[in-house]
Amino acid sequence: MTARRPTRQALAVVLLVLAWGSTFAAVKVGLDSAPPILFGGLRSILGGAVMVVLALARSGRPALRTTWPAYAVLTLLNVVLFFSLQTLAILELPSGLAAVLIYLQPVLVGVLAAPLLGESLTGLKIAGLLLGFAGIVVVSAGAFQGHTSLVGVGYAVVGALIWALGTIAFKRYADRVDVWWSVAIPFLVGGVVLSLGGAAVEGTHITWSGEFVVAFLYASLVGTALSWSLWFGLVGSGEAGRAASYIFFVPLVSLSIGAVFLHETLGLSLLAGAALVVLGVYLVNRRPAGGVE
Numbered sequence: 001m002t003a004r005r006p007t008r009q010a011l012a013v014v015l016l017v018l019a020w021g022s023t024f025a026a027v028k029v030g031l032d033s034a035p036p037i038l039f040g041g042l043r044s045i046l047g048g049a050v051m052v053v054l055a056l057a058r059s060g061r062p063a064l065r066t067t068w069p070a071y072a073v074l075t076l077l078n079v080v081l082f083f084s085l086q087t088l089a090i091l092e093l094p095s096g097l098a099a100v101l102i103y104l105q106p107v108l109v110g111v112l113a114a115p116l117l118g119e120s121l122t123g124l125k126i127a128g129l130l131l132g133f134a135g136i137v138v139v140s141a142g143a144f145q146g147h148t149s150l151v152g153v154g155y156a157v158v159g160a161l162i163w164a165l166g167t168i169a170f171k172r173y174a175d176r177v178d179v180w181w182s183v184a185i186p187f188l189v190g191g192v193v194l195s196l197g198g199a200a201v202e203g204t205h206i207t208w209s210g211e212f213v214v215a216f217l218y219a220s221l222v223g224t225a226l227s228w229s230l231w232f233g234l235v236g237s238g239e240a241g242r243a244a245s246y247i248f249f250v251p252l253v254s255l256s257i258g259a260v261f262l263h264e265t266l267g268l269s270l271l272a273g274a275a276l277v278v279l280g281v282y283l284v285n286r287r288p289a290g291g292v293e
């Protein structure tokens, strides 16, 4: 059992990074045909609906009478606020700057997990988190050109903070809520809220095509249902700060997939940034000799 658990965790990390990294390309295709908040809401509804079926099969009905406040907090933080702020940041900022600011999340999780969850924050972890973030800056630097909106910066930074708080909230509630329902309920309910808000503000026009349907299904099933289940599974089974460090790999995968399928350009900055990210994640997850921190 002890040999299998690290292997399963490593597989979950790889699948999560591939799922979230590839979802950026699917969302980019989807947003060419649908309003952004409406698209986010609809993919959340479909992903959440699939997770409801799986949650019923795996865990039975949720004990909402005692756990509904926890699910309400997860819905507000991880779906309604985070998805909205992330979308607004992407619309207001150059893509590279938006990515850098949103991926402050692992740093914020590492810092906040110390006082809020009692996790250790060693000098090695701090160095690793800063190196990982530096890697994201290097990778995204080429996409900084364009108008920079202070409002957009605010959206991105607050979005990163909300995402970090949503991660910490799940870790706090992990012994009271079910992992499957922690994805199913927030994304189904939050998706309805986002869809109604998006329809009211943006309208409901969608240009339907085979390409859009494929992108929508991928973003819903892989980018929402699968990825968030893996994410909460990782956070629930270990330290939130260590789990969050793996998110630094997501932009690397996203850029690589964009180069292959969307004909975007890659440069030496990707290799340099990747080296920093790998080193940073290693330092965050490295355990001192004897396993004592």
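The sequence shown begins at 1 in the UniProt record's numbering and counts up one residue at a time. Built from N, CA and C at the ideal position, the CB exists for glycine as well. Note that the coordinates shown come from a computational prediction; the quantities given were computed from them, not determined experimentally.
Determine the direct distance from the alpha carbon of residue j to that of residue i, and round the result to whole angstroms.
i: V81; j: V73; result: Here residue 81 is Leu; the residue named in the question, Val, does not match the sequence. Roughly 11 Å separates the two Cα atoms.
i: L31; j: V284; result: 35 Å
i: L117; j: H205; result: 44 Å
i: Y246; j: A63; result: 31 Å
i: R172; j: I102; result: 22 Å
i: L268; j: L255; result: 12 Å
i: L11; j: T75; result: 27 Å
i: G280; j: G132; result: 5 Å
i: A184; j: V260; result: 32 Å
i: V13; j: A243; result: 9 Å
i: P35; j: A70; result: 30 Å
i: L18; j: S149; result: 30 Å
i: Y282; j: L124; result: 10 Å
i: Q105; j: V111; result: 10 Å
i: T87; j: W68; result: 27 Å
i: I257; j: F249; result: 13 Å
i: A98; j: T207; result: 26 Å
i: R58; j: W180; result: 8 Å
i: V109; j: L234; result: 14 Å
i: G238; j: G21; result: 22 Å
i: T224; j: I126; result: 29 Å
i: E119; j: Q9; result: 19 Å
i: L93; j: A26; result: 20 Å
i: T122; j: P186; result: 33 Å
i: T7; j: R286; result: 16 Å
Closest by CA to residue i, which one among the options?
i: G48; options: L268, H205, V213, S182; result: S182
i: A215; options: S33, V151, I90; result: S33
i: P251; options: L112, G135, L38, V222; result: G135
i: V222; options: P6, T7, Q9, F24; result: F24
i: F212; options: P186, K28, L15, V253; result: K28
i: R65; options: V177, T224, L271; result: V177
i: S140; options: V277, L234, N78; result: V277
i: L226; options: F248, R43, P6; result: R43
i: L270; options: R286, Y282, V253; result: V253
i: P115; options: I168, V137, A99; result: I168
i: L77; options: A164, L91, V179, P6; result: A164
i: F170; options: V109, L91, F232; result: F232
i: A272; options: L129, L121, V137; result: V137
i: G166; options: L188, W228, L121, T122; result: W228
i: L91; options: I37, V189, T122; result: I37
i: V193; options: T122, L121, F39, P94; result: F39
Would you mind giving the Cβ-Cβ distance between residue i and residue j, rounded to the nearest angstrom? I have them listed as a contact below 8 Å.
i: I45; j: S195; result: 6 Å
i: A89; j: A240; result: Not quite, the Cβ-Cβ distance comes to about 23 Å (not below 8 Å), so this is no contact.
i: G60; j: G191; result: At roughly 23 Å, the Cβ-Cβ gap does not stay under 8 Å, so G60 and G191 are not in contact.
i: G236; j: A174; result: 4 Å
i: V107; j: L129; result: 5 Å
i: L16; j: L230; result: 4 Å
Exercise for review: Check whether the segment 76-94 touches the segment 158-177, taking contact to mean three or more Cβ pairs, one atom from each stretch, closer than 8 Å.
Suggested key: yes
**Study point:** Cβ contact (3+ pairs, closer than 8 Å) linking the segment 194-210 and the segment 49-59
**Key:** no
Review point. Do the segment 149-157 and the segment 214-232 touch if we need at least three Cβ pairs shorter than 8 Å?
Key: no
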